[in-house]
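> Heads up: the sequence shown begins at 176 in this note's numbering, then just goes up one per residue. Cβ coordinates follow ideal geometry from the N, Cα and C atoms, glycine included. All of these numbers come straight from a predicted model, not from anything done at the bench.
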Amino acid sequence: MPGYRKLGRVSSQRKALLRNQVTNLLYHGKIKTTDPKAKEVRKIAEKLIAMAVREKDNYTEVTVTQKVAKKTADGKRVKEVVDGKKVTQFEEIQKVIRKDSSTKLHARREILKVLYPVTEVPKEAAGKKANTKKVDLAEVLFNEIAPKYTDRNGGYTRIIKIGPRKGDAAEEVILELV
């Protein structure tokens, strides 16, 4: 007996389906699907959330100095003449960045193996490429989802049964983050 449900699909289709559903669960917070799919998605999502909870505070903050070109109000670079040549003026900026530890970096890469990239499209620009932005779902997992579950030892998702589907009478459920 296998350790997972085959869901009537070949392995590549099954993996793609589960990755898609896990990505949507973490992005939207809940999904509507069939009972066997929900149980498989739950396994994967719980592991990802547990990994994020374990590694969420595992970073160091580092202050770096960065040289940035001075710009005018209209966005053009400020230049000065030195020895008969035009040279761009630079200013130094102090910036605080987060540097992941090696275990958090590994966790991030493992999470990104499972999740698909998400592109967010604003409603007013629906159907257009302009103003779309990529959502870093791993960062959302570490910064927004994991802090909610720091005091929980598992059980990050909930399955609510909503009855049989009209077409084929498959048991439908709502899988949501607790």
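(1) For the alpha helix (DSSP H) holding residue 319, just list the boundary residues, first then last.
(2) When you compare only the Cα positions, how much space is there between residue 243 and residue 268?
(3) Any beta carbon of chain C sitting closer than 9 Å to that of residue 256?
(4) Could you tell me the alpha carbon to alpha carbon distance between residue 250 and residue 229, rounded to whole angstroms?
(5) In chain order, what are the residue ranges of uninterrupted beta strand (DSSP E) at least 3 long that sit wholly in the region 207-256?
(6) Hey, quick one: how far does the beta strand (DSSP E) through residue 267 stretch, first residue to last?
(7) Pull the bridge partners of residue 333 from the DSSP assignment, please.
(8) Buried or exposed: where does residue 127 fall if 16 or more other Cβ atoms within 10 Å of its Cβ makes it buried?
(9) Run the CB neighbour count on residue 317, radius 10 Å, all protein chains shown included, and call it buried at 16 or more, exposed below.
(10) In chain order, what residues of the same chain lie with their CB nearer than 7 Å to the CB of residue 193, ignoring the 5 residues before and after it?
(11) Could you compute how far the alpha carbon of residue 181 sits from the alpha carbon of residue 224?
(12) Based on Cα-Cα distance, which residue from 351, 241 and 236 lies nearest to residue 334?
(13) Looking only at its chain, what residues have a beta carbon closer than 7 Å to the beta carbon of residue 206, apart from the 5 residues adjacent to it on each side?
(14) Please return the same chain residues whose Cβ sits closer than 7 Å to the Cβ of residue 373, not counting the five positions on each side in sequence.
The structure says:
(1) For the purposes of this step, residue 319 is identified with residue 144 of the sequence shown, where counting begins at 1. Here residue 319 belongs to no alpha helix (DSSP H), and DSSP marks it neither H nor E.
(2) By one-based count along the sequence shown, residue 243 stands at place 68. By one-based count along the sequence shown, residue 268 stands at place 93. Distance between the alpha carbons of residue 243 and residue 268 is about 7 Å.
(3) Chain labels in this structure do not include chain C; a single protein chain is all it has.
(4) In the sequence shown, counting from the first residue as 1, residue 250 sits at position 75. In the sequence shown, counting from the first residue as 1, residue 229 sits at position 54. Those two C-alpha atoms are separated by around 43 Å.
(5) 234-244
(6) For this step, residue 267 is matched to residue 92 along the sequence shown. Residues 265-275.
(7) If you number the sequence shown from 1, residue 333 lands on position 158. Answer is 351, bridged to residue 333.
(8) Examination of residue 127 is not possible in this model, given that the chain is present from 176 through 353 alone.
(9) Taking the sequence shown and counting its residues from 1, the one referred to as residue 317 is at position 142. Burial call: buried.
(10) As a working note, residue 193 is residue 18 in the sequence shown. Same-chain partners within the cutoff: 215, 216 and 219.
(11) Stepping through the sequence shown from its first residue, residue 181 is reached at position 6. Stepping through the sequence shown from its first residue, residue 224 is reached at position 49. Roughly 23 Å separates the two Cα atoms.
(12) Within the sequence shown, numbered from 1, the residue matching residue 334 stands at position 159. Selected option, being the one with the closest Cα: 351.
(13) Locating residue 206 in the sequence shown gives position 31, where the first residue counts as 1. The answer, listed in chain order, is 196, 199, 200 and 350.
(14) Past the boundaries of the shown model lies residue 373; the chain is included only from 176 to 353, so the question cannot be answered.
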